[in-house]
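In the numbering used here, the protein residues as written are -3 to 313.
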DNA sequence: TCTGGATGTCAAC
DNA sequence: TTGACCTCCAGAC
């Protein structure tokens, strides 16, 4: 699934292209018919993300919120006129690599926008404005919530490294020791890690402890921190927790900026001149059996809770 | 044409 | 811990 960075990009895209507009909402597949009827004809106020959860907020009373979780297979496709700048597809990779599919503009020779094409495949939800459209396929969740219900969903989630306050100075005792102001995000991360003996490799995938991290960021952040995935979360040193949080913030922010997950530092890419995607983008993820980029060891893989965990026994021992 | 796999989550056992 | 959910694509046959 797209990890947290993709959902934040989606929220931005929804706000940019649907914000302030009255939209038509339908469910060509038929599995979201009742929800679509609740939203059809309403104005999109904006969109937000918390971890891997996308919320699209509707007016005029602000009491209707569309919640979408893409799950493992979900993806959005966008299309429209010049107001629809940005990615035209965000979500599951569909075997085309993690990178999103860039949108076309009229300058590319595309015909002028004349409404959405007939739905292809299982389109769970279609949203259409005067300028373009969005199709949702394969999501694990697509529902309409009241404000209270939305707050309840968010309350169950851990801190998001992409939250606005993620790097408040002094938040985790790092940036400025003189600043004792508690951080609602970094401090919460440290508190939730310190409260469990569960292995850190499992904790990072638990959305109630940290929201937005998935299998790639889990493996890559632990490698970059030199952290043994089997170490109990509450055994991590405070400076390790602090560094891990800061690295997650940096990695996910880069993912939002670039629209893809690249975790390797330039010095660790054997051929910096070549395109780094996909061969050089990761340290350990999907590199089982290959030599570590930083030591002579071979990258290992083990199944943990049904998901593949990649790590380097040399760097993370 | 069939099968396996994928950046996820939840309920049942 | 396991299986269901659910969609698409690449590779095997």
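Here a beta-carbon is modelled for each residue, glycine too, at the ideal position from N, C-alpha and C.
- When the five nearest sequence neighbours on each side are left out, the beta carbons in the same chain lying within less than 6 angstroms of the beta carbon of residue 73 are those of 85, 131, in order along the chain.
- Closest in alpha carbon position to residue 223, among -1, 53, 126, 307, is 307.
- Exclusion of the five residues before and after residue 112 leaves 124, 129 as the residues of its chain whose Cβ lies within less than 6 angstroms of its Cβ.
- Counting of Cβ neighbours within 10 angstroms places residue 288 among the buried residues, the total reaching 16 or more.
- For the options 186, 250, 117, 256, the alpha carbon positioned closest to that of residue 240 is the one of 186.
- Residue 63 and residue 219 have their C-alpha atoms spaced approximately 33 angstroms apart.
- Inclusion of residue 156 and residue 47 in the CB contact set at 8 angstroms is warranted, their separation being smaller than that value.
- Less than 8 angstroms separates the beta-carbon of residue 244 from that of residue 217.
- In terms of CA proximity to residue 76, 10 leads the group 298, 10, 296, 161.
- Residue 280 carries a coil assignment under DSSP once its states are collapsed to helix, strand and coil.
- The residues 11, 15, 53, in chain order, have a CB closer than 7 angstroms to that of residue 42 in the same chain once the five nearest residues on each side in sequence are set aside.
- When DSSP reads this structure, residue 193 sits in no beta bridge, so it has no partner.
- Annotated three-state conformation of residue 65 is strand, per DSSP.
- Assignment of residue 75 by DSSP, reduced to helix, strand and coil, places it in the strand class.
- Residue burial annotation: residue 180 is exposed, with fewer than 16 other C-beta atoms found within 10 angstroms of its C-beta.
- In the structure shown, the three-state DSSP call for residue 146 is helix.
- Around the beta-carbon of residue 235, fewer than 16 other beta-carbon atoms lie within 10 Å, marking it exposed.
- Contact check for residue 45 and residue 79: beta-carbon distance about 21 angstroms, past the 8 angstroms limit, so the pair fails to qualify.
- Membership of residue 1 in the alpha helix (DSSP H) is indicated by the continuous run 0 to 14.
- DSSP places residue 29 inside the alpha helix (DSSP H), whose first and last residues are 29 to 35.
- Distance from the Cα of residue 147 is smallest, within the candidate group 253, 208, 49, 266, for 49.
- Between residue 115 and residue 122, the beta carbon gap of about 6 angstroms places them in contact (Cβ cut-off 8 angstroms).
- According to the DSSP assignment, residue 131 belongs to the beta strand (DSSP E) that extends over 128 to 133.
- Here residue 201 has 209, 210, 211, 214, 301, 303 as same chain residues with Cβ atoms under 8 angstroms from its own Cβ, once five neighbours each way along the sequence are excluded.
- DSSP places residue 213 inside the alpha helix (DSSP H), whose first and last residues are 211 to 220.
- As DSSP reads the structure, residue 235 sits in no beta bridge.
- Counting the other CB atoms within 10 Å of its CB gives residue 225 a total of 16 or more, which places it among the buried residues.
- Taking 8 angstroms as the cut-off, the Cβ atoms of residue 66 and residue -2 count as close.
- Closest in alpha carbon position to residue 228, among 152, 117, 194, is 194.
- Your pair residue 39 and residue 18 checks out as a contact, with CB atoms roughly 5 angstroms apart and the cut at 8 angstroms.
- Contact between residue 196 and residue 232 is confirmed by a C-beta separation of about 6 angstroms, below the 8 angstroms threshold.
- Rounded to the nearest whole angstrom, the C-alpha separation of residue 247 and residue 127 is 33 angstroms.
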